[in-house]
Structures are given as structure tokens and as C-alpha cells.
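The structure appears below as C-alpha cells.
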Amino acid sequence: MTKALAGNTIRFMLLVVAQVFIFNKIQPTGYINPQVYVLFILMLPFRFPGFWLLFLSFLTGLTIDIFMQTPGLHAAASVFLAFFRPGVIRLVGKKEDLEPNDYPNVRDSGSLWFFSYTIILVALHHLFLFYLEVFRFSEFGQTLLKAVINIALSTLIIMLIQYLFYFRKKE
Amino acid sequence: MRNLLAFISRYEFFFLFLIFLVISFILIYNNNYYQRSRVIGTTNRVTGKLNLIYANITGYLDLKNSNEMLAAENARLRTTLGNMETETTDSLYLPEASSLNYMSARVISNSVQQRNNYFMLDKGWRDGVRKDMGVITADGIVGIIIDVSGNFSSGISVLHKDARISGKIKKNNQLVNISWDGMNYRLGTIAHIPAHVHLLQGDTVITSGNSQIFPEGIPIGTIEYIEDEMETLFKQGKIRYSLDYNRLNYVYIVNNPLLNEFRTLTTEIHD
């Protein structure tokens with residue numbers, strides 16, 4: 005339990021720092037802005053109480069908001085993602101024999117499972133985020149393009165992080 | 008009542024979700040750029056320090072001191088130059104009216120790829136920064152200060168969906184409003200230009216000074232292209248910003264001591 009708590013805390017801090025100081029700084033055009041911090045919410049344990057899932061997602065989003073000076077924006081999108089997480093886990097197919105501390109990752113869940121799980125939730129998060137950010141229908145097309153580009157990019161980066169840090173440990 | 012409670016506990020997750028979503032929306036709603044909450048003002052202190060550390064790591068150590076000195080000197084020169092110009096060219100003037108003050112600051116956090124971009128500077132109210140001051144460089148305009156803490160301040164960038172910069176065409180003084188459409192951070196949008204106004208690619212757009220936030224005559228950009236608006240007698244087009252907002256470093260904060268007087272007067276007129 006303590007190990008899981010420590011792991012999640014370190015993951016939270018690393019992802020926030022990476023998001024704020026790396027992924028928000030790459031800007032060859034106005035379109036590229038992957039939101040990798042959602043990986044923290046994706047990797048919370050399967051059997052996580054509903055309130056804490058929503059609360060921690062809200063907190064994660066709010067932390068990003070404080071750095072980006074957009075109060076509420078990322079918080080709303082993260083809560084939106086958290087709300088759909090249990091449903092998406094059911095949709096993609098949940099394993100029966102779960103330990104209390106099991107969490108979604110490439111090593112335990114398998115590449116295809118984790119990829120489907122990630123891309124669906126990232127897509128929901130990004131579409132909600134970018135449309136909420138613009139809040140105008142006049143920019144519908146370009147917002148969609150921005151969302152699609154970043155869904156692909158965020159998913160790619162999340163998968164890379166998974167293979168780099170979690171895949172090797174397979175015994 | 009019991010049925011209601013049973014209903015709520017059955018859909019507990021959904022109701023919790025709604026509560027958190029509503030809190031988020033309240034935060035969004037209450038934090039428009041013109042009415043920001045105190046919360047952000049205080050968090051500025053923390054994020055400001057982190058941003059400062061980041062800026063210090065990424066900035067070139069050797070260039071830092073000399074740059075700062077040059078920027079401060081430039082600010083001083085600009086203030087004196089501004090005063091002198093009015094004295095020599097205008098026979099009628101108010102002594103304070105001309106005295107825009109400039110102070111130099113460093114951009115410690117900045118973005119261009121969001122739909123609404125903000126920046127943070129390493130000067131706060133202890134240095135005399137106040138809300139609504141303009142931020143410029145010698146080559147263009149950067150944005151407007153909206154939030155000030157002790158040692159840091161943050162502002163909305165020109166690259167913001169609510170940014171409306173009052174500019175004019177340098178060669179014929181025609182007023183234009185410059186906004187940003189969220190696509191390319193090098194290009195701004197101008198619209199509703201009367202058809203009779205003669206514009207060419209490459210024409211310079213400068214600040215009009217109408218808002219009293221930016222001094223008059225600071226370059227904003229040059230016209231990239233002009234086309235006819237659909238079904239109206241107006242023209243629209245794009246301007247290429249003279250500043251590369253992705254490479255901001257040292258900037259000037261403009262203090263107009265008469266801004267409040269100007270604001271009071273315009274509100275009185277509207278009332």
C-alpha cells in the first residue's frame with residue numbers, strides 16, 4: 005500500500021514537471037500540445053474508490069491549470085476523463101483476478117489492451133479540453149484538427165513511456 | 008426522501024462527477040482574464056519561483072547580466088527620449104501626459120501553442136508593476152498585465168482569443184483591430200476594413216495609442232495578405248507579427264500614470 009502511494013506520488017510529480025516544462029514548451033507550430041499528464045490518471049489502481057478517482061483527477065488537472073494560468077480548464081477535462089475511466093475499462097475488458105494494487109500498464113495488461121484503453125480516454129480528454137478551451141463553434145474544424153493531432157501524439161508518447169519504464173521489468 | 012437518497016447513492020459516482028465538473032466550470036467562469044480570482048495571485052508566488060528556476064537553467068548564464076543591464080539602460084533612455092520628443096515637437100502639452108515610464112523585465116514563462124496564451128514576468132508590485140500595464144519590446148507588443156504578486160506578474164499575450172489590439176496602418180492612419188485566430192502564432196487577423204482603404208502586402212501596422220495602454224507608434228506587424236470579405240463591402244486579411252512570440256526574453260513594462268484618469272473619463276461618458 006505504502007509502495008503504491010509512493011509510486012503514484014512520484015509519478016504525479018514527474019508527470020506534472022514533464023508536462024509543464026517539456027511538453028508545453030515544444031512548439032514548432034500552434035498545433036502541437038500533447039497532454040501527457042493524463043497518464044497519471046490512467047495508471048491509478050483499477051479498484052480505486054470513485055470519489056478518490058474523481059478528486060485526484062480534479063487535483064491533477066488543477067495543478068496543470070495553475071501552471072498554465074487556465075483555472076478550471078484542465079480540471080474539467082481530467083474529471084471528464086475520470087468519469088469515463090470505469091466504463092472504458094469495462095468496454096476494453098477487465099481481467100477477473102485483480103490484486104488490490106493492480107493498475108493499468110503495458111506489462112500487466114498487454115500492449116493492445118493498454119493501447120485501446122489509452123487512445124479512447126485520451127481522445128475523450130483532448131476533444132473535451134480543446135473544445136472547452138476555444139468555446140466557439142466558428143473554429144470547429146481547426147480545433148478538431150488540433151485535437152486529432154494531439155490525440156495521436158499524446159498516445160504515442162504515453163506508449164513510449166510505457167515501453168521505456170514498465171515493459172523491461174517483465175520476468 | 009429515502010427514495011431520493013437511495014437514488015443518489017445508486018448514482019453516487021455520477022453525482023460526484025457532476026459536482027467536480029461544476030466546480031471546474033465555476034473556476035473557468037470566475038477566471039476570465041479581466042476578473043481573476045485571488046487564488047491565482049497567490050499561486051503566482053509558487054509557480055513564479057519554479058518558472059524562474061527554469062528560466063535560469065535555460066538562459067545563458069554569461070549573457071544574462073549584460074542583457075539585464077542593457078535592457079534597464081534602454082528603459083531609462085526610452086523614458087527620457089519620450090519626454091524630449093514631446094517637448095520639442097509639441098508646443099501644447101501636459102507635463103505628465105508625456106511621461107510614460109518603462110521598466111525592463113524578463114519573461115520567465117510564456118506559451119504560444121495554447122488557444123489562450125499567457126506570460127509571466129520577473130517583476131511584481133514591489134517593483135511597481137500594476138494591473139493593466141502594457142508590455143512591449145522595441146520591435147512589437149507583447150500583451151497586458153492582468154495579475155500581480157509581490158515579485159512576479161502575469162499577463163495575457165497578444166495570442167489570446169480575447170485580445171483586441173487597436174492598431175493603425177502607418178501610411179494612412181486607418182484604424183484596424185488585430186485579433187488572433189489560434190492557428191499560426193506568427194499571424195494575426197484583421198477584419199472589417201472598409202473597401203476604399205488602400206492596402207498592400209507589406210504595409211506596416213503600428214499601435215494607435217487609443218487604448219492608452221500601449222504607446223503610440225510601436226510596430227505590431229506587416230500585412231501578409233488582404234482579401235475581400237464574403238458578401239460585405241469590407242476587406243479582411245492577416246498580418247505577420249513583427250515579434251516572434253516564441254522567442255521572448257527581455258521586455259518593457261509600460262506605465263501610463265494617466266491611465267486611471269483616462270478610464271474614469273471614458274466610463275463617465277458611457278454612463
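Quick note, the sequences are listed as chains G and S, same order.
To get the working numbering, take the position in the first sequence, counting from 1, and add 4.
To get the working numbering, take the position in the second sequence, counting from 1, and add 7.
All residues carry an ideal CB built from backbone N, CA and C; glycine is no exception.
Owing to the predicted nature of the structure, the values given are computational and were not obtained by experimental measurement.
Whole-angstrom C-beta distance between residue j and residue i, which should lie under 8 Å
{"i": "Ile155(G)", "j": "Val126(G)", "result": "6 Å"}
{"i": "Ile204(S)", "j": "Ile230(S)", "result": "Just to set this straight, residue 204(S) is Val in the shown sequence, not Ile. No, Val204(S) and Ile230(S) are not in contact; Cβ-Cβ is about 11 Å, not under 8 Å."}
{"i": "Ser160(S)", "j": "Ile152(S)", "result": "5 Å"}
{"i": "Thr129(G)", "j": "Val42(G)", "result": "The displayed chain sequence assigns His, not Thr, to residue 129(G). His129(G) to Val42(G), Cβ: 5 Å. Contact."}
{"i": "Gly55(S)", "j": "Asn158(S)", "result": "7 Å"}
{"i": "Ala198(S)", "j": "Glu236(S)", "result": "7 Å"}
Proximity of residue i and residue j at Cβ, strictly below 9 Å
{"i": "Pro38(G)", "j": "Phe25(G)", "result": "no"}
{"i": "Ile70(G)", "j": "Leu57(G)", "result": "no"}
{"i": "Arg193(S)", "j": "Arg247(S)", "result": "yes"}
{"i": "Gly162(S)", "j": "Tyr125(S)", "result": "yes"}
{"i": "Ile115(S)", "j": "Leu59(S)", "result": "yes"}
{"i": "Ser218(S)", "j": "Met72(G)", "result": "no"}
{"i": "Ile185(S)", "j": "Leu207(S)", "result": "no"}
{"i": "Asn109(G)", "j": "Met47(G)", "result": "yes"}
{"i": "Gly89(S)", "j": "Ser111(S)", "result": "no"}
{"i": "Lys130(S)", "j": "Ile260(S)", "result": "yes"}
{"i": "Leu149(G)", "j": "Ile124(G)", "result": "no"}
{"i": "His167(S)", "j": "Gly150(S)", "result": "yes"}
{"i": "Gly76(G)", "j": "Leu66(G)", "result": "yes"}
{"i": "Asn262(S)", "j": "Arg113(S)", "result": "no"}
{"i": "Asp106(G)", "j": "Arg51(G)", "result": "yes"}
{"i": "Phe14(S)", "j": "Phe87(G)", "result": "no"}
{"i": "Ile36(G)", "j": "Ile153(G)", "result": "yes"}
{"i": "Phe16(G)", "j": "Thr64(G)", "result": "yes"}
{"i": "Ser215(S)", "j": "Gly174(S)", "result": "yes"}
{"i": "Val165(S)", "j": "Trp132(S)", "result": "no"}
{"i": "Phe27(S)", "j": "Phe118(G)", "result": "no"}
{"i": "Asn10(S)", "j": "Met127(S)", "result": "no"}
First and last residue of the uninterrupted beta strand (DSSP E) at residue i
{"i": "Thr13(G)", "result": "That residue, Thr13(G), is in no beta strand (DSSP E); its alpha helix (DSSP H) goes 6 to 22."}
{"i": "Gln243(S)", "result": "241 to 248"}
{"i": "Ser160(S)", "result": "160 to 164"}
{"i": "Ile45(G)", "result": "Where Ile45(G) is concerned, there is no enclosing beta strand (DSSP E), although the alpha helix (DSSP H) it sits in stretches over 42 to 46."}
{"i": "Asn267(S)", "result": "Looking at the DSSP string, Asn267(S) is not in any beta strand (DSSP E); the run it does join, the alpha helix (DSSP H), is 266 to 277."}
{"i": "Leu194(S)", "result": "194 to 201"}
Terminal residues of the alpha helix (DSSP H) in which residue i lies
{"i": "Ala86(G)", "result": "77 to 96"}
{"i": "Glu19(S)", "result": "19 to 37"}
{"i": "Ser156(S)", "result": "Looking at the DSSP string, Ser156(S) is not in any alpha helix (DSSP H), and its letter there is neither H nor E."}
{"i": "Ile70(G)", "result": "54 to 72"}
{"i": "Ser113(G)", "result": "110 to 113"}
Alpha carbon of residue i to alpha carbon of residue j, nearest angstrom
{"i": "Tyr41(S)", "j": "Val258(S)", "result": "Because Tyr41(S) carries a pLDDT of 44, less than 50, the predicted location of this residue cannot be relied on, and the following value inherits that uncertainty. Roughly 22 Å separates the two Cα atoms."}
{"i": "Glu103(S)", "j": "Gly147(S)", "result": "Because Glu103(S) sits at a pLDDT of 48, beneath the cut-off of 50, its placement in the model cannot be relied upon, and the following sentence gives the value as read from the coordinates. In a straight line, the C-alpha of Glu103(S) is about 24 Å away from that of Gly147(S)."}
{"i": "Leu23(S)", "j": "Ile68(G)", "result": "21 Å"}
{"i": "Gly54(G)", "j": "Arg137(S)", "result": "44 Å"}
{"i": "Leu116(G)", "j": "Asn123(S)", "result": "36 Å"}
{"i": "Ser120(G)", "j": "Gly189(S)", "result": "30 Å"}
{"i": "Met140(S)", "j": "Ala80(G)", "result": "31 Å"}
{"i": "Glu275(S)", "j": "Leu84(S)", "result": "35 Å"}
{"i": "His277(S)", "j": "Pro201(S)", "result": "26 Å"}
{"i": "Leu34(S)", "j": "Glu137(G)", "result": "13 Å"}
{"i": "Leu168(G)", "j": "Leu266(S)", "result": "55 Å"}
{"i": "Ile227(S)", "j": "Lys178(S)", "result": "14 Å"}
{"i": "Phe132(G)", "j": "Phe84(G)", "result": "8 Å"}
{"i": "Gly224(S)", "j": "Val183(S)", "result": "13 Å"}
{"i": "Leu18(G)", "j": "Ser113(G)", "result": "23 Å"}
{"i": "Glu75(S)", "j": "Leu250(S)", "result": "19 Å"}
{"i": "Pro222(S)", "j": "Asp210(S)", "result": "20 Å"}
{"i": "Ala159(G)", "j": "Arg89(G)", "result": "The question names Ala, but residue 159(G) is Thr in the sequence shown. Each residue's alpha carbon lies about 16 Å from the other."}
{"i": "Gly64(S)", "j": "Lys29(G)", "result": "According to the sequence as given, residue 64(S) is Ile; it is not Gly. Those two C-alpha atoms are separated by around 14 Å."}
{"i": "Lys242(S)", "j": "Asn37(S)", "result": "36 Å"}
{"i": "Gln166(G)", "j": "Arg111(G)", "result": "8 Å"}
{"i": "Ile176(S)", "j": "His78(G)", "result": "39 Å"}
{"i": "Gln121(S)", "j": "Pro49(G)", "result": "31 Å"}
{"i": "Tyr252(S)", "j": "Tyr170(G)", "result": "38 Å"}
{"i": "Ser44(S)", "j": "Asp134(S)", "result": "For Ser44(S), the predicted structure reports a pLDDT of 45, less than 50, and the residue's modelled location is therefore unreliable. A value from the coordinates is still provided. Whole-angstrom Cα-Cα distance: 22 Å."}
{"i": "Lys98(G)", "j": "Arg17(S)", "result": "22 Å"}
{"i": "Asn81(S)", "j": "Phe139(G)", "result": "41 Å"}
Residue(s) in a DSSP beta bridge with residue i
{"i": "Ala112(S)", "result": "Val258(S)"}
{"i": "Met127(S)", "result": "Ser116(S), Ser161(S)"}
{"i": "Leu234(S)", "result": "Note on residue identity: the sequence assigns Glu, not Leu, to residue 234(S). In the DSSP output, where bridge partners are listed per residue, Glu234(S) has Gln243(S)."}
{"i": "Pro226(S)", "result": "Ile213(S)"}
{"i": "Ser158(G)", "result": "In DSSP, Ser158(G) forms no bridge with anything."}
{"i": "Thr327(S)", "result": "Because chain S here runs from 8 to 278, residue 327(S) falls outside it and cannot be looked at."}
{"i": "Val183(S)", "result": "Gly174(S)"}
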